[in-house]
Amino acid sequence: MTKPRVAIFDFACCEGCQLQIVNLEEDILKLIDVVDVVEWREAMSEQSHEYDIAIIEGSITREEDEHRLEIIRSRAKILIALGACAVIGGVNKMKNNFDFNEVRQCVYGKDGQMQHLNTERTKAVDEVVQVDFKIPGCPINGAEFAQIIRSLLVGKKPFVPDYPVCVECKAKETICRYEYNQICLGPITRAGCGAPCPSAGWRCFGCRGMAENPNVDAAQEVMTLYGLTVDDLKQKMVLFNSK
Ligand code: SF4
Ligand code: SF4
Ligand code: SF4
C-alpha cells in the first residue's frame, strides 16, 4: 500500500512547533513508519513537489509568502495549519497594531541597512488559502499532534476541544489565577492543552486562540466579580489574538 506523502513547510515563526514534532521520539518513529516524509527543511535535505498532506508552520507576512503558500495548497490534498502562528497569526500579529515603518525602525534602527525589507500585515494561513485542519498552541502539544495525524490517516475526524481552558483547569482543581489578581484568558480560550499554565502558576495567555463559542456571559461575570472590565481582558488578548 502506498504511504501518504507528507511535506512540512515553515513561514514566519520560531520553528518551535516543528521542534515539538522532533521531540515526539518514539511516537514520531511510529508516525514515520506509516507516512512518507518527502520534504521537511528542519530534518532533511530532500525536497519534493509531490505530496498528499502539507503541514504549514508560521504566519504569512509577505506577498511572496502568499504565492508560495498558494502553490503548496494547489499541490496538497490536505493542508494542516500547525501552531498558533499558522492557525491564528500568533505573536507575529502584534505587528498589525503598529505603523509598519515604525516596526522596521524598531527592528533595524532608523538608519538600518535593511529598511527595504518587505513586511506586510501578518495573516494566519486560513486568511490566504483554505485550511483543512488546525493544530493550535504555542507551541503545539506533541501528543495532540500525533493524535490528529493518526486520526487523519485512518480517515477519522480529529478531535480538538471547543470548550474553554477553564474546564480542564477546574478538573485539575487548580486555584484560579483571578484569586491572585491576574487576568487569565482561560474562560475564552480553546482547551486541549490541559491548562498547564494555571497549574504552573501562570495565567492563560490565550495561545490556542478563542474557543468557537466562548461563554462571554461567564467571562463577563468573572470580570465583574473581580472588579475588572472587558477592556482589561482585551488588553491581555493582544499577545495572541491581535487582528
Ligand atoms: S506557534 Fe509558537 S512555538 Fe510554534 S512556531 Fe509559532 S512562535 Fe514558535
Ligand atoms: S480563569 Fe484561568 S485560572 Fe481560573 S479557572 Fe479559568 S483557566 Fe483556570
Ligand atoms: S493554558 Fe492557555 S497559554 Fe497555556 S498552553 Fe493552554 S491555551 Fe496556551
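27 is the number of the first residue of the sequence shown in this note's numbering; add one for each residue after it. Glycine residues also receive a C-beta, built at the ideal position from the N, C-alpha and C atoms. Source: prediction; values computed, not measured.
**Request:** Verify whether the separation of the beta carbon atoms of Asn118 and Ala169 is less than 7 angstroms.
**Result:** Using a Cβ distance threshold of 7 angstroms, Asn118 and Ala169 do not count as a contacting pair.
**Asked** Say the cut is 6 angstroms; is the CB of Arg203 nearer than that to a heavy atom of ligand 3?
**Response** no
**Item:** C-beta contact flag for Gly135 and Ser85 at 7 angstroms
**Value:** Taking 7 angstroms as the Cβ cut-off, Gly135 and Ser85 do not qualify as a contacting pair.
**Request:** Please write down, chain order preserved, every residue whose beta carbon lies under 7 angstroms from a heavy atom of ligand 1.
**Result:** Listed by position along the chain, the residues with Cβ atoms less than 7 angstroms from a non-hydrogen atom of ligand 1 are Cys39, Cys40, Glu41, Gly42, Cys43, Glu83, Gly84, Gly109, Ala110, Cys111, Gly116, Val117, Gly163, Cys164, Pro165 and Ile166.
**Request:** Express the C-alpha separation of Lys149 and Pro162 in angstroms, rounding to a whole number.
**Result:** 15 angstroms
**Asked** Any chance the CB of Cys233 is under 6 angstroms from a heavy atom of ligand 2?
**Response** no
**Item:** Limits of the beta strand (DSSP E) - the one that Val32 falls within
**Value:** Note, Val32: beta strand (DSSP E), Arg31 to Asp36.
**Message:** Taking only three categories from DSSP, how would you classify Phe171?
**Reply:** Correct three-state label for Phe171: helix.
**Prompt:** Going by Cα to Cα distance, which pick from Phe126, Cys164 and Glu92 is closest to Gly42?
**Reply:** Cys164
**Close-in-space but distant-in-sequence residues of the same chain around Lys29 (CB under 8 angstroms, 5 per side omitted)** = Val60, Val61 and Asp62
**For Cys192 and Ser268, the rounded distance between their alpha carbons** = Rounded to the nearest whole angstrom, the CA to CA distance from Ser268 to Cys192 is 21 angstroms.
**Distance cut-off 6 angstroms: Thr255 Cβ against heavy atoms of ligand 3** = no
**Item:** Opening and closing residue of the alpha helix (DSSP H) in which Ala110 lies
**Value:** Gly109 to Ile114
**Asked** Can you give the beta carbon distance from Glu96 to Tyr77, rounded, assuming they're within the 8 angstroms contact cut?
**Response** In fact, because the Cβ distance is near 15 angstroms, the residues do not count as touching under 8 angstroms.
**Request:** Use the C-beta contact count for Ala237: other C-beta atoms within 10 angstroms, 16 or more gives buried, fewer gives exposed.
**Result:** buried
**Request:** Go through its chain and collect everything with a Cβ distance to Ser177's Cβ below 8 angstroms, but skip five positions before and after it.
**Result:** Lys183, Pro184 and Phe185, listed in sequence order.
**Prompt:** Is it buried or exposed for Phe126, if we count other Cβ within 10 angstroms and need 16 for buried?
**Reply:** exposed
**Asked** Going by the C-beta, is Ala221 closer than 6 angstroms to any heavy atom of ligand 3?
**Response** yes
**Prompt:** DSSP on Arg216, reduced to helix/strand/coil?
**Reply:** Strand at Arg216.
**Asked** Comparing alpha-carbon positions, which option in Asn241, Glu52 and Tyr189 lies nearest Ala217?
**Response** With distances taken between CA atoms, Ala217 lies nearest to Tyr189 out of Asn241, Glu52 and Tyr189.
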